[in-house]
Amino acid sequence: MAHPIIELKGIHYSYHSMHGETKALKDVSFGVKEGEFVAIVGPSGCGKSTLLSIIAGLLRPEEGTIVVNNPDGSLRYPRVGYMLQRDHLFEWRTVYQNVTLGLEINHMMTKERLSYVDQLLHDYGLEQFRDKRPSELSGGMKQRAALIRTLALGPQLLLLDEPFSALDYQTRLLVSADICRLIRQTKKTMIIITHDLSEAISLADRVIILSARPATVKKELPIRLTLPDDSLLAARHAPEFQDYFSQLWEVLTDEADQI
Ligand code: ADP
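The letter at position 55 of the sequence shown is residue 43 when you use the working numbering, and the numbering goes up by one with no holes.
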């Protein structure tokens, strides 16, 4: 997985309002390789969601470029799937109607796509729940349903904006490990925003630390954990874990001193 599918080069972004300008991003540059899991951490309000919105194409950078390097040489921007802080499942729709919502809106209810959804419902243990309402599912099942809804559209790049923050601590540990294991199986590229350093180290191949606002890249830390199995829960007990945590903590507290 040596191929950077997207490279951000010198990205700047500011919000403008009646009360003036809020500089959110300043000269942000980094690349993301195909199949890589990148976690972005940084102080609250530094510009993480803004950065994700730029990568998703929802906001245009004021300065800088995003270079696309597809393995096939094409210049097409990778299809992006977004998972947000809440699962955003609609209670008035069944699980099946929720997971096919994106397909419905995008007029993509083809036989192939629907059979892919059926496959995912089966693989993720939700087949018997397809006619239930979201409130009848556990927190973990809801996140699985939200993931199926995202995967149904065939994204190449998954953007996750604190997707587990609405869950209690214990559920969060289990669900984040579960969802990331499922995403790894799809071999997709993922960028996740989290304020939880342990989560970042457990889930990602590389952690990018942003400075306080306006955000710029303070440090990039590749993560290599020695694990007895592929269980992400074991990651927190890996011998390297504490050292990575200390390195990230040092950069973040150094940032906090400057606020
Ligand atoms: P983070 O995700 O790191 O918490 P955000 O990217 O949401 O940070 O926001 C970065 C900064 O930009 C914050 O100071 C926030 O208040 C400001 N901001 C975000 N959205 C808007 C907006 N639509 N208009 C004005 N300022 C905004």
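Ideal Cβ positions, reconstructed from N, Cα and C, are used throughout, including at glycine.
According to DSSP, is residue i part of a helix, a strand, or is it coil?
i: T241; result: helix
i: G127; result: helix
i: H4; result: strand
i: T214; result: coil
i: L47; result: coil
i: P(-8); result: strand
i: F25; result: strand
i: D231; result: helix
i: E187; result: helix
i: Y65; result: coil
i: F18; result: strand
i: E9; result: strand
i: L146; result: strand
i: K176; result: coil
i: R160; result: helix
i: Y264; result: The structure shown does not extend to residue 264, since the chain is modelled only from -11 through 247, so no value can be given for it.
i: T138; result: helix
i: R194; result: strand
Rounded to the nearest angstrom, what separates residue i and residue j at their Cα positions?
i: L114; j: S123; result: 14 Å
i: C168; j: E50; result: 32 Å
i: K175; j: G23; result: 5 Å
i: R101; j: Q230; result: 43 Å
i: L191; j: T159; result: 15 Å
i: R67; j: P151; result: 19 Å
i: D119; j: R81; result: 9 Å
i: P210; j: D193; result: 6 Å
i: E187; j: E228; result: 14 Å
i: S103; j: M96; result: 12 Å
i: L240; j: S199; result: 8 Å
i: I180; j: L(-4); result: 16 Å
What do you reckon, is the C-beta of residue i under 7 Å from a heavy atom of the ligand PLP?
i: R48; result: Absence of the ligand PLP from the depicted structure is noted, with the ligand ADP being the only ligands included.
Just confirm the distance between the C-beta atoms of residue i and residue j, as a whole number of angstroms; I'd bet it's less than 8 Å.
i: D15; j: G33; result: Incorrect: roughly 18 Å between the Cβ atoms, too far for contact.
i: L236; j: V195; result: 6 Å
i: T182; j: A27; result: 6 Å
i: V87; j: R121; result: About 13 Å separates the two Cβ atoms, so there is no contact after all.
Just to confirm, is the Cβ distance from residue i to residue j under 8 Å?
i: A223; j: I189; result: yes
i: I197; j: V20; result: no
i: A203; j: T214; result: no
Query raised in the report: Is it a yes or a no for the stretch 103 to 119 touching the stretch 33 to 49, going by three-plus beta-carbon pairs under 8 Å?
Result: no
**Report entry** contact_flag[the stretch 121 to 140, the stretch 55 to 63] where n(CB pairs < 8 Å) is 3 or more
**Finding:** no
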